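In this note's numbering, the protein residues as written are 2 to 550.
Note that the Cβ used here is the ideal one computed from N, Cα and C, for glycine as well.
All values reported here derive from a predicted model rather than from experimental measurement.
Listed below in structure tokens is the structure:
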């Protein structure tokens, strides 16, 4: 991939801030915008170039901010508009850019548009949402199921209609067929970009186009109009700014992704590849099973084949909707430190714009919740539904704890002080992971061998070597179920990355000339690697990078 058409975000390292849990500046138990501003020096020292902030707009909080009731304001619990302005100014002064999060597929049922829309069929806002009449027996229009359990339809008595909600019933789906809806949403994007945002992350944006009532919900995210609507938004607003845009795009695959993020014609700059999140279950997210590393590799290879040289992608291992990376892909008990470092090695040498989720840089882990401590609507609904079906807590809890979204949303662990230094309030909005006494920023800053300091080294290594940004990727021994090894080559320089994804010792042949003559750039164990010519005897979760030429 040529460097000649380089954009500012190509070699950026992004950091996702889940605002509710990052840093509380006011002692309310909830993180806020000023709390982010107060930690900019920490993020700058980490090597972060872009901060993606999850929704901070007014919201009832049914889906933790992804149910927006006012697109052009700040929720009082997170601050005021002037706090956003201050954050942008301070971040820009430190060379950090701000990415805001837009939820354009649905609103809150407390948004003024929906309050009006549900009053009558003649209301000017009625067509802002998706409505269908009941069947003859009064039941829902079809059997579509919400992604948060139960029917995707909710009855509205004043109009004798059902409205569609792909998520919670408090999140009615917007109708992008209505011109006024598009105009309003485009004005929202322009509002925040004019206030200094450097880009936008679009939540489930391909759900802007929906199948006909007689079609399957399997087509959610796969309708041709989704691309057309995005091109409209790009033509009207996005193309006027030098920004980073990234789409969460269910339904988009490696074969058609270039249409959405192609460098020549794509309406967005990048997308999130989240296919790996579907690995390791039997079709039910909360039924975790061992995952295949070969299947994991195939996903990365397919996206590389589909987009390299055509467009751009983002590299992620987790986010606010997933279990913690070290708990899911590593081993947070026996090999916590080496597996967290291995994952950092992998993430920061991938092709695509890397996103570090808050806390991953210190190895934050899944949290031991009880059902009474659940906060997330997805797991709460799932748990209630399965209990009603006759399942027991003992049957359900292990799977939920392994995969629930609350794992990612526990407070950032800044220190060993009360509430991990996240808040001065007596009780934070969600449980603090009990391991904060040992896993925290303060402790890791003091430890040269910490996960945090390893992340800093990896970020510096990535930025110093364009091969990790623009280079080709060649996976070595593709069918190996233990080791993910690959070369990155660009402009005559070649690097070899070797990652043992398993908690066992394994021997691996890199098929490379004598590695003893190569330069070892970084290694996640303090002891020297065991190398014999092209072969390496790998410890559990061992990772290393060589400069081969």
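With respect to the 8 angstroms criterion, residue 546 and residue 498 are classified as neighbours on the basis of their beta carbons. Look at the beta carbons and you see the segment 229 to 236 touching the segment 268 to 276: at least three pairs across the two are nearer than 8 angstroms. The straight-line gap separating the alpha-carbon atoms of residue 195 and residue 87 is approximately 14 angstroms. Residue state for residue 475 is assigned as strand, using DSSP reduced to three classes.
Between residue 111 and residue 70, the C-beta gap is smaller than 8 angstroms, which places the two residues in contact. By the neighbour-count definition (other C-beta atoms within 10 Å, threshold 16), residue 214 is an exposed residue. Per DSSP, reduced to three states, the secondary structure at residue 304 is helical. Annotated as proximal: residue 316 and residue 354, with beta-carbon spacing under 8 angstroms. Contact check for residue 180 against residue 250 fails: the beta carbons are separated by 8 angstroms or more.
When C-beta atoms of the segment 296 to 312 are compared with those of the segment 408 to 425, fewer than three pairs fall below 8 angstroms, so the two segments do not count as touching. Residue 499 sits in a strand when the DSSP states are folded into three classes. Residues 155 of the same chain have their beta carbon placed closer than 6 angstroms to that of residue 170, with the five preceding and five following residues left out of the count.
Minimum Cα-Cα distance from residue 55 among the listed residues 49, 66, 46 corresponds to 66. Contact fails between the segment 25 to 34 and the segment 369 to 389, because fewer than three Cβ pairs, one in each stretch, are under 8 angstroms apart. Here residue 533 carries a strand assignment [DSSP, helix/strand/coil]. For residue 486, the enclosing beta strand (DSSP E) has its first and last residue at 484 to 491. Here the alpha carbons of residue 529 and residue 508 stand approximately 15 angstroms from one another.
Take residue 272, set aside five residues on each side of it, and the residues of its chain with a beta-carbon closer than 7 angstroms to its own are 247, 248, 250, 253, 258, 261, 262, 314, 315, in chain order. In the assembly as shown, residue 543 is a buried residue. Its beta-carbon has 16 or more other beta-carbons within 10 Å. With a threshold of 16 other beta carbon atoms within 10 Å, residue 145 meets it and is buried. By the CB criterion at 8 angstroms, residue 485 and residue 496 fall outside the cutoff.
A buried status is given to residue 321, since no fewer than 16 other beta-carbon atoms sit within 10 Å of its beta-carbon. In the DSSP assignment, residue 38 falls within the unbroken alpha helix (DSSP H) covering 34 to 38. Closest option to residue 38, judged by alpha-carbon separation, among 9, 98, 11: 98. A residue is called buried once 16 or more other Cβ atoms fall within 10 Å of its Cβ, and residue 177 is buried on that count.
As for any beta strand (DSSP E) of minimum length 3 sitting wholly inside the segment 164 to 189, there is none. Collapsing the DSSP output to three states places residue 123 in coil. Excluding residues up to 5 positions away in sequence, 490 lie with their Cβ nearer than 6 angstroms to the Cβ of residue 473 in the same chain.
Assigned with DSSP and collapsed to three states, residue 470 falls in helix. Within the same chain, Cβ atoms closer than 7 angstroms to the Cβ of residue 168 are found at 64, 107, 147, 148, 149, the five residues on either side in sequence being excluded. Listed in chain order, the non-local C-beta contacts of residue 522 below 7 angstroms within the same chain comprise 462, 546, 547, 548, local neighbours out to five positions each way being set aside. Our two residues, residue 404 and residue 287, have alpha carbons roughly 6 angstroms apart in a direct line. With respect to the 8 angstroms criterion, residue 100 and residue 200 are classified as neighbours on the basis of their beta carbons.
Look at residue 513 here: in three-state DSSP terms it is coil, with no helix or strand label. The alpha carbon of residue 442 has as its nearest neighbour, out of 190, 361, 396, the alpha carbon of 361. Three or more Cβ pairs closer than 8 angstroms define a contact, and the segment 437 to 452 meets that threshold against the segment 331 to 351.
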